[in-house]
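Colleague: The structure is given below, and queries will be raised subsequently.
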Amino acid sequence: MSRFKNRILARIFTRFPKLVDRIAEKTEAIQVEGIPWAPVRKPLEISRIAIVTTAGVHLRSQPPFDMKDSQGDPSYRELPSHTPKEDYIITHDYYDHTDADRDINIVYPIDRLKEMKEAGLIGDVAGKNYGFMGHIEGPHIDTLVRKTAPEVARKLKYEGVDIALLTPG
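In our numbering, the protein residues as written are 570 to 738.
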């Protein structure tokens, strides 16, 4: 019943975004020290770019994100760049992804990055991109901040990624 309720609420919030604004106003923000951004150091034409999405994107062959835990799922899925579009799926009950189900590029613009590479606008597309589920609360925030996000950052660095394109759901 909970998953059904979440899907209905996601559709309502999509139609009436002011409701989301009201909820956000009452939600306590997480305090972060410093600015968690790094300047771009290379021209785009020679940069390797990866996608990190919080839209719940994963491969059909991978386990879905946990929708039974009301506080979310802080895990991630590796998304190889060469994967055919039809092998992607979205598991996320907290936003209406009807349009993204039709075209994954709405939340995971892998085809657009490949086109940019072919046009010489970017140097390369990372071999692996990463999918998270963006609805994270409670103790899972600590897991995300201290474990899974740094793990993905290390993997991106190891692969020589210069820029991470962050896409929400």
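No residue lacks a Cβ here, since even glycine has one placed at the ideal position from N, Cα and C.
Name the residue from Arg617, Tyr645, Asp642, Ile732 whose alpha carbon lies nearest to the alpha carbon of Ala607.
Modeller: Cα-wise, what sits closest to Ala607 is Ile732.
Colleague: Three-state secondary structure (DSSP) at Lys697?
Modeller: Lys697 falls in the strand class under three-state DSSP.
Colleague: According to the Cβ coordinates, are Asp670 and Ile679 closer than 8 Å?
Modeller: Not a contact, by the Cβ cut-off of 8 Å.
Colleague: If we count the other Cβ atoms within 10 Å of its Cβ and call it buried at 16 or more, is Arg681 buried or exposed?
Modeller: The residue is exposed, with fewer than 16 neighbouring Cβ atoms inside 10 Å.
Colleague: Spatial neighbours of Leu734 within its chain, please: CB distance less than 8 Å, with the 5 preceding and 5 following residues excluded, ordered by chain position.
Modeller: Only Ile618, Ala619, Ile620, Val621, Pro678, Leu682 meet the Cβ criterion.
Colleague: Exposed or buried, which one is Gly641 when buried takes at least 16 other CB atoms within 10 Å?
Modeller: Buried, by the Cβ-count rule.
Colleague: Is Ala624 near Gly729, with beta carbons less than 8 Å apart?
Modeller: Taking 8 Å as the Cβ cut-off, Ala624 and Gly729 do not qualify as a contacting pair.
Colleague: Output needed for Glu614: all residues of its chain with C-beta closer than 8 Å, excluding positions within five of it in sequence on either side, in chain order.
Modeller: Excluding sequence neighbours, Glu614 sits near Gly689, Leu690, Ile691, Gly692.
Colleague: Please report the straight-line C-alpha distance between Ile577 and Tyr664, rounded to a whole angstrom.
Modeller: Spanning the two alpha carbons is a distance of roughly 9 Å.
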